[in-house]
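Below: the structure, in structure tokens.
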Amino acid sequence: MEHMWTKYASADSPIQRLSLLRDTLCCQFMWHTSYRGGNTGKLRLMDFRDPVRGGPFRGFPLPSPDPSGSYPPITLRVEMVGTKTSKGRRAPPKTLTVDSEPKHCFVRTLALFWASSHAPDAPPGSAITDYFFRPLDPSHQRFEAGPLSSQALSMRVHKHLKDSGLYDGETPHGFRRGAIQAFAATGATDQELLEFAQLKSKTNLELYTDTTRRTRAPAQAPAPPT
């Protein structure tokens, strides 16, 4: 996260800043929810639900982040449609709250991303009307309308890890495994872990919680999209 926020601070154009915020949000979302990369890239406005009543969420735009680090105790509720384990219906709700570390906080970053996407200097088409995370078009001057693909997200993650000197074969799925293992380390029960990971089989769960099992990507990856 530190690397990405440093790049954000030095970015010299609105489209560069928006692209970095998009990538940061994807990483934060995968970590806090354990969602797969393919689902993360497809996050939509309709996936956010009222945390109390369960209907459509009407709370955007969120309050702007305070540079001092303070932020209202906002709770976001996400119920994605059509995940791997909930095809054709909404997935069980995921709750996102304000993180004590601002640079790791999905809620704060989302507030900044929304404000930047709707700012007067934002490139045409940046305003969020459906998908949150979208690829740049061939001109690299604006976002396309469709979602960020799993492959595109994977390449973006590879790029940031390589730029920061941390890449060692990881894939976006590592965020999912890491999030599940971190939750397991808190003493969560198998049932709690299954619900968090949206898994049905304890056998599959064990593949995620086995800290001795390493997954690696191919040593050479194609050049990342923007």
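So in this note's numbering, the last spot in the sequence shown is 959, and the numbers never skip.
In this text, a Cβ means the ideal position worked out from N, Cα and C, and glycines have one as well.
The structure presented is a predicted model; accordingly, all values stated were derived computationally and were not measured.
| query | result |
| --- | --- |
| Exposed or buried, which one is Q874 when buried takes at least 16 other CB atoms within 10 Å? | exposed |
| Along the chain, where does the beta strand (DSSP E) containing P828 start, and where does it finish? | Note on residue identity: the sequence assigns Thr, not Pro, to residue 828. Where T828 is concerned, the enclosing beta strand (DSSP E) stretches over K827 to T830. |
| What's the call for L940, buried or exposed, on a 16-neighbour Cβ count within 10 Å? | exposed |
| Around the Cβ of V890, are there at least 16 other Cβ atoms within 10 angstroms (buried) or fewer (exposed)? | buried |
| Do S819 and L751 have their C-beta atoms within less than 8 Å of each other? | no |
| From V785 to W847, what does the alpha carbon distance come to, in whole angstroms? | 22 Å |
| With distance defined between alpha-carbon atoms, name the residue in P800, A878 and N937 nearest to E834. | P800 |
| Pair every Cβ in the region 765 to 781 with every Cβ in the region 868 to 888, then say whether three or more of these pairs are closer than 8 Å. | yes |
| Rounded to the nearest angstrom, what separates S934 and L927 at their Cα positions? | 8 Å |
| Based on the DSSP output, what are the partners of P789 in its beta bridges? | R782 |
| Could you give the first and the last residue of the continuous alpha helix (DSSP H) run that contains T942? | K935 to T942 |
| Within a Cβ cutoff of 7 Å, which residues of the same chain sit near F908, ignoring the five residues on either side of it in sequence? | C760, M763 and W764 |
| Can the beta-carbon of Q924 be found less than 8 Å from the beta-carbon of T944? | no |
| Can you grab the Cα-Cα spacing for the pair Q749 / P825, in whole Å? | 34 Å |
| Assign R791 to buried or exposed, taking buried as 16 or more other Cβ atoms, counted over all protein chains shown, within 10 Å of its Cβ. | exposed |
| Restricting to Cα atoms, I'd like to know which of D756, T739, P805 and D854 is closest to L881. | D756 |
| Please classify L751: does DSSP put it in a helix, a strand, or coil? | helix |
| Taking a contact to mean a Cβ-Cβ separation below 8 Å, would you say P905 touches G770 in this structure? | yes |
| The beta strand (DSSP E) that contains L809, what's its start and end? | T808 to V811 |
| So, at 7 Å on beta carbons, what are the nonlocal neighbours of T842 in its own chain, with the 5 sequence-adjacent residues on each side left out? | L754, T757, L758 and Q761 |
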